[in-house]
Amino acid sequence: MKGISAIILAAGQGKRMKSALPKVAHSVLGKPAVWHVAQAARSAGIREMVFVLGYGRDKVLPTVEAFGGKVAIQETQFGTGDAARCGLAELSAGAKEVVVLCGDAPLIRPGTIRGLLAARRRKGAVASVLTGMLDNPTGYGRIVRNADGTVAKIVEEKDADPATRKIREVNSGTYAFDRVFLERALPRLSDVNAQREYYLTDLVLEALAEGKCVAPVVAGDPDEVRGINSRRELAEATRIVLNRKLDALMDSGVTLIDPDRTYIETEVTIGQDSVIEPGVSLLGKTRVGRCARIQTGCVVEDCIVGDGAHLKPYSVMTSSRVRNDAIIGPFSHLRPEADIGVGAHIGNFVEVKKSRIGRGSKANHLSYLGDAIVGKKVNVGAGTITCNYDGIAKYQTVLGDGVFEGSDTMLVAPVTVGKGALIGAGSTITQNVPPYALAISRAEQKVSEFWVARKKPELLKKAGLAVPVVKKGDK
Ligand code: UD1
Ligand code: CA
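Okay, structure coming up:
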């Protein structure tokens, strides 16, 4: 929308959070609170955004960059009116209407912002303000209305008398302004109030003094006006954003067996007909394809999971790729840069790091594969370890297509096993193996007959076995 800009107030510390992190940088479903605010503004069609930063500004900058926003610095937090004044100074000349949003109110929706803009124009008001009817309005500014329904004043909790405190209609801290009005009225604010701050809310009085009006818009969903001021409110807001996310997924054709026990972060996508079982966490930028199944206890962060893939219980994976129809787990660990091929199996207690596992290959039990390139249809025996680290550097292991590896193989990297080769169980492979060869390295087995009967008969007695009589001549 041309000519409409946003100022996002995000300079405060948020003392009630009891945190070193600025309040607006606290994560709500995997993204900072202020990110959600900017996302709503962007979805409402607003291009230009000015972020007013102060306390802990470095922690907020990534969000500013993500939206290509501008920064206005408010060195000392003299109040929301002063913060808006700082933001206004950075707005481009083309901005005719200004939406002011609170960085600590992440539940606002794009349609509500558009409604706020429309209401101001429709009513010919210099400003419109988003309000909400709350059962418990404690802590919020109260909306006092004129007889004609326009706003008479907004009174902060700390400045309110008992009668005003009974008002349930609260200020969300989200407004649409005529830019010219904002520019001429902001410098007139004073800080004569309980908090000795410049209140943006006092602009209502400035409008009335000019004979202009402020139009209230009551949010259809009272949750939208909620701000985060404490850790409890952070948890409540997260729950609301999570429920919205889960509803959207179900509406798009994803089965969530038990939504109340499912945690899926903001940017995660899931294809149709995938099934997510209880107790799953899908985090970061994870993308799940269609018809995938993710079972209880899986924690998946920044991964790509292909169509038809099956993540069995309690598998943990980060920054990895699981291709179509692959089967992972139970109890697998994929560390960054694991790439599991189409139809491959990674099983119980297998750890994979920075390795490519080819199509249809299997590593089903108790293995560590690090810095490895595994071809197609390879059998990685139980207990295989890539010895990839000599204490200083990491080395690569290559297993060609169709290699069959017995159990308990140590692959001392750098080492290459050619295609179709066979490795005997219990081998320690230190040299390259040519294609189609058998490689085996085991100490020769020695047997001393009747040794236990002669030297440790108490072991047999303990086990309830009769001790055989050892004739002379038996070795
Ligand atoms: C403000 C409103 C209140 C409203 C509530 C909604 C005022 C005076 N009060 O109160 O009517 O019900 O929001 O959540 O506006 N900020 C700055 N610089 C400052 C002060 C604040 O950038 O100097 C930012 C904060 O980082 C925060 C937002 O403005 O993102 C709101 O500030 P906060 O102190 O939480 O205001 P409230 O007391 O909640
Ligand atoms: Ca607040």
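For what it's worth, the numbering used here labels the leading residue of the sequence shown as 41, then goes sequentially. Just so you know, even glycine gets a beta-carbon here, dropped at the ideal spot from N, CA and C.
Where lysine 252 is concerned, there is no enclosing beta strand (DSSP E), because DSSP gives it neither an H nor an E.
Secondary-structure assignment with DSSP links isoleucine 386 through a beta bridge to Ile368, Ala403. Among the bridge pairs identified by DSSP, aspartate 379 is matched with Arg361, Arg396. Where phenylalanine 221 is concerned, the enclosing alpha helix (DSSP H) starts and stops at 219-225. Between the alpha carbons of serine 488 and threonine 449 lies a distance of about 27 Å. Straight across, the Cα-Cα distance linking leucine 323 with glycine 109 is about 25 Å.
Close CB contacts of glycine 85 within its chain, under the 6 Å cut and outside five residues either way in sequence, are with Met41 (chain order).
Under the three-state reduction of DSSP output, alanine 349 falls in the coil class, being neither helix nor strand.
Exclusion of the five residues before and after arginine 399 leaves Gly381, Val382, Gly383, Ala384, Lys416 as the residues of its chain whose Cβ lies within less than 7 Å of its Cβ.
Under DSSP, lysine 325 shares a beta bridge with no residue.
When beta bridges are read from the DSSP output, asparagine 211 appears opposite Thr171. DSSP places glutamate 137 in the strand class (E or B) of the three-state scheme. Nearest C-alpha to alanine 403 among Gly369, Val244, Pro508, Met89: Gly369.
Remark: C-beta atoms of valine 420 and serine 407 approach each other more closely than 7 Å. Under the 8 Å Cβ criterion, the stretch 139-149 counts as touching the stretch 206-218, having at least three qualifying pairs.
Secondary structure note for glycine 155: its alpha helix (DSSP H) is the uninterrupted segment 150-163.
A direct Cα-Cα distance of roughly 21 Å separates serine 132 from leucine 156. Cβ atoms of threonine 204 and arginine 185 stay farther apart than 8 Å, at about 12 Å. The C-alpha of glutamate 391 is placed about 43 Å away from the C-alpha of phenylalanine 91. Following the DSSP letters along the chain, one finds lysine 495 inside the alpha helix (DSSP H) bounded by residues 491-495.
Arginine 271 sits in a helix when the DSSP states are folded into three classes. Minimum Cα-Cα distance from histidine 66 among the listed residues Glu273, Ile316, Arg82 corresponds to Glu273. Of Ile316, Thr306, Asp291, the smallest CA-CA separation from aspartate 300 is found for Ile316.
No heavy atom of ligand 1 is found nearer than 6 Å to the CB of valine 258.
Its chain contains Pro318 as the residues whose beta carbon lies nearer than 7 Å to that of aspartate 298, once the 5 sequence neighbours on both sides are disregarded; these appear in chain order.
Within a 10 Å sphere around the beta-carbon of glutamate 115 sit fewer than 16 other beta-carbons, which makes this residue exposed. Between arginine 327 and glycine 346, the C-beta spacing is not below 7 Å. Taking 7 Å as the cut-off, the beta carbon of tyrosine 239 is found no closer than this to the beta carbon of glycine 52. Exclusion of the five residues before and after valine 510 leaves Phe490, Ala493, Arg494 as the residues of its chain whose Cβ lies within less than 8 Å of its Cβ. Comparing C-alpha distances from valine 169 to each of Val232, Phe107, Ala135, Thr241 shows the shortest one belongs to Thr241. By the C-beta density criterion, asparagine 428 is buried, having at least 16 other C-beta atoms within 10 angstroms. In this structure, alanine 255 lies near lysine 163, with their beta-carbon atoms less than 7 Å apart. In this structure, serine 360 sits near alanine 378, with a CB-CB distance shorter than 7 Å.
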